[in-house]
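Participant: Below is one structure. I have some questions about it.
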Amino acid sequence: MRSAGPLVLGIESSCDETAASLVRGGTEVLSSVVHSQAPEHAPFRGVVPEIAGRSHLRRILPVIDQALEEARVELEDIEAVAVTARPGLIGSLLVGVAAAKALAWARGIPLVGVHHIEAHAYAALLEHEFDFPALALIVSGGHTALHRMDTPTQLHPLAETRDDAAGEAFDKVASLLGLGYPGGPEISRLAREGRRDAIPFPRYRAKDGRPGFSFSGLKTAVLYHLRGQDALRPTPPPERIPDRVDVAASFEEALVDTLVSQTVAAAREEELRTIVVAGGVACNARLRERMLAASREEGFRVLFPSPHYCSDNAAMIAGLGFHLLREGRTAGLDLDAQAR
Ligand code: KG4
Ligand code: ZN
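In my numbering, the protein residues as written are 8 to 347.
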């Protein structure tokens, strides 16, 4: 998308992706470089904060350099720096925030602190135009939440997971099934071969009937299924799980069912006609299929960012940073990284 306006450098380092991007006017992406640490965390089947912080330190400057080079711009051309300031792993966030402050100070340009979850919702605006208010479903490794989006910079929380995030549930169940990290794509691959109705795993419903999420019960149900109701037994090795594909398919279906039903309930309750789905789990093919089917039935419009903008990236940070800058919501050099 072409747009005029200031050139913003976005920096993202909240979890296990080191990313930098140059975006003009909030939507014209000149470059978006993402360095994934997944191979470094894979042996541990989850993100190790200590490894993440050190890896960001090594990659942050090369990633920024690459983003400048791919965008064919110089450091002198940047008009503002936007950085993820919260929420995330504190040792990871600090690396991006320190780099952003140094650049803003050295160049004498504005610094903008961006909320990671709000940026995920913004990602849809990089490629689509839609009317506000909209409903945003953010589904990632660290977050599962519904927000009412009144403008790109004004989000109001409607529901949040009571325990695990959807991506976290994918990663934990993948680990139980002996699959690699990140677990979402691995489960999806296996699920295609299985029967989605083979095992009746639980779907979350809040007691008060309000929209909400919880995935720990689902995760425990998978654990009990694998251990044969004896929680003290160790989880069998993958080759001793005869119905592995059915477990993957039935788990994925239960999780997707919960996401879709709770999102539809919130859209009805809030009378919102546009739904934006973002975050790493928004890459999930079954979720896309089921959300599209539900939206046709209900007459909603549902939008997904393309996969590169679903998972962690810095274009969404620079894009939202542009709007915050326009509203005068800049930060001082005392900008603090916050885990929550
Ligand atoms: O947004 P993201 O890249 O990082 C966080 O902010 O957490 O999301 C990563 C999460 C991981 O838990 C990963 O397993 C999940 O997104 N994920 C998927 C798929 N691709 C990534 N989950 C389900 N299906 C997928 N295709
Ligand atoms: Zn994220």
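Ideal Cβ placement from N, Cα and C applies to all residues, glycine included.
For the ligand KG4, any of its heavy atoms closer than 8 Å to the Cβ of D171?
Facilitator: Flag unset: Cβ of D171 not near the ligand KG4.
Participant: How about G191: is its Cβ closer than 8 Å to a heavy atom in the ligand ZN?
Facilitator: No; taking the cut-off as 8 Å, the Cβ of G191 has no heavy atom of the ligand ZN nearer than that.
Participant: So what does DSSP say about G17, is it helix, strand or coil?
Facilitator: Three-state DSSP puts G17 in a strand.
Participant: Once the 5 residues before and after A205 are set aside, which same chain residues still bring their CB inside 6 Å of it?
Facilitator: D253 and S257, listed in sequence order.
Participant: When we look at the beta-carbon of A127 and count the other beta-carbons within 10 Å, is it buried (16 or more) or exposed?
Facilitator: Contrary to the premise, residue 127 reads as His rather than Ala in this sequence. Result: buried.
Participant: Compute the Euclidean distance between the alpha carbons of K179 and A113, then round it to the nearest angstrom.
Facilitator: Distance between the alpha carbons of K179 and A113: 43 Å.
Participant: Unbroken alpha helix (DSSP H) runs of length 4 or more, entirely within the region 174-239: which are they?
Facilitator: Entirely contained in the region 174-239, the alpha helix (DSSP H) runs reaching 4 residues are, in chain order, 190-198 and 223-234.
Participant: Along the chain, where does the alpha helix (DSSP H) that runs through V328 open and close?
Facilitator: Here the sequence assigns Gly to residue 328, which means Val is not the residue at that position. Looking at the DSSP string, the run of the alpha helix (DSSP H) that includes G328 is A322 to R333.
Participant: Closer than 8 Å is the cut-off here; do at least three beta carbon pairs connect the region 74-88 with the region 34-41?
Facilitator: Yes, they touch.
Participant: With a threshold of 8 Å, establish whether the CB of L294 neighbours any heavy atom of the ligand KG4.
Facilitator: Yes.
Participant: Once the 5 residues before and after L101 are set aside, which same chain residues still bring their CB inside 6 Å of it?
Facilitator: Cβ neighbours of L101 beyond the five flanking positions: A344.
Participant: Is R293 helix, strand or coil when you go by DSSP?
Facilitator: Three-state result, R293: helix.
Participant: Would you say the beta carbon of H232 comes nearer than 8 Å to a heavy atom of the ligand KG4?
Facilitator: H232: no, Cβ never under 8 Å from the ligand KG4.
Participant: State yes or no: is the C-beta of S147 nearer than 8 Å to some heavy atom of the ligand ZN?
Facilitator: Yes, the ligand ZN has a heavy atom inside 8 Å of this Cβ.
Participant: Are the beta-carbon atoms of A274 and L142 separated by less than 9 Å?
Facilitator: Yes. Within cutoff.
Participant: For A172 versus V146, is the C-beta spacing smaller than 9 Å?
Facilitator: Yes, these two residues count as a Cβ contact at 9 Å.
Participant: Check the C-beta distance from C22 over to L96 and give it rounded, since I have them as a contact under 8 Å.
Facilitator: At roughly 6 Å, the Cβ-Cβ gap stays under 8 Å, so C22 and L96 are in contact.
Participant: If you drop the 5 nearest sequence neighbours on each side, which residues of the same chain put their C-beta closer than 8 Å to that of V229?
Facilitator: Within the same chain, V229 has close Cβ partners V180, L183, F208, V254 and F258.
Participant: Looking at the secondary structure, which residues open and close the alpha helix (DSSP H) in which Q161 lies?
Facilitator: No alpha helix (DSSP H) holds Q161; the beta strand (DSSP E) holding it covers Q161 to E167.
Participant: In terms of residues, what are the limits of the alpha helix (DSSP H) holding H122?
Facilitator: Looking at the DSSP string, H122 is not in any alpha helix (DSSP H); the run it does join, the beta strand (DSSP E), is L118 to H122.
Participant: What residue does the alpha helix (DSSP H) around A152 start on, and which one ends it?
Facilitator: Per DSSP, A152 belongs to no alpha helix (DSSP H); it is in the beta strand (DSSP E), T151 to T158.
Participant: Roughly how many angstroms lie between the CA atoms of E125 and G33, to the nearest whole one?
Facilitator: Taking the straight line from one Cα to the other gives about 14 Å.
Participant: Under a three-way DSSP split, which group does S28 fall into?
Facilitator: In this structure, S28 counts as strand in the three-state DSSP scheme.
Participant: On the CB-based measure, 16 or more other CB atoms within 10 Å of its CB, does G17 come out buried or exposed?
Facilitator: Buried.
Participant: Have a look at G201 and E260 and give me their C-alpha separation to the nearest angstrom.
Facilitator: For G201 and E260, the distance between alpha carbons rounds to 11 Å.
Participant: So is the beta-carbon of G12 under 8 Å away from any non-hydrogen atom of the ligand ZN?
Facilitator: Incorrect: G12 has no Cβ contact closer than 8 Å to the ligand ZN.
Participant: Is A325 buried or exposed, if buried means 16 or more other CB atoms sit within 10 Å of its CB?
Facilitator: The residue is buried, with at least 16 neighbouring Cβ atoms inside 10 Å.
Participant: Considering only the alpha carbon of each residue, which of T227, Y316, P244 and E246 lies closest to A238?
Facilitator: Per the Cα distances, T227.
Participant: So what does A87 bridge to, in DSSP terms?
Facilitator: In the DSSP output, where bridge partners are listed per residue, A87 has V15.
Participant: Unbroken alpha helix (DSSP H) runs of length 4 or more, entirely within the region 70-114: which are they?
Facilitator: 97-114, all fully within the region 70-114.
Participant: Can you name, in chain order, every residue of its own chain whose Cβ lies under 6 Å from the Cβ of S20, other than the five neighbours on each side?
Facilitator: Answer for S20: H63, S99, V102 and G103, listed in chain order.
Participant: Give me the Cα-Cα distance between E349 and F311, rounded to the nearest whole angstrom.
Facilitator: Residue 349 falls outside the range modelled here, since the chain spans only 8 to 347, and no answer is possible.
Participant: Should E175 and G148 be called a contact, given that it needs their Cβ atoms to be closer than 9 Å?
Facilitator: Yes; because the gap between Cβ atoms is below 9 Å, this pair is in contact.
Participant: Tell me the DSSP secondary structure of V41 in three-state form.
Facilitator: Three-state DSSP puts V41 in a strand.
Participant: Any chance the CB of I194 is under 8 Å from a heavy atom of the ligand KG4?
Facilitator: Under cutoff, so the answer is yes.
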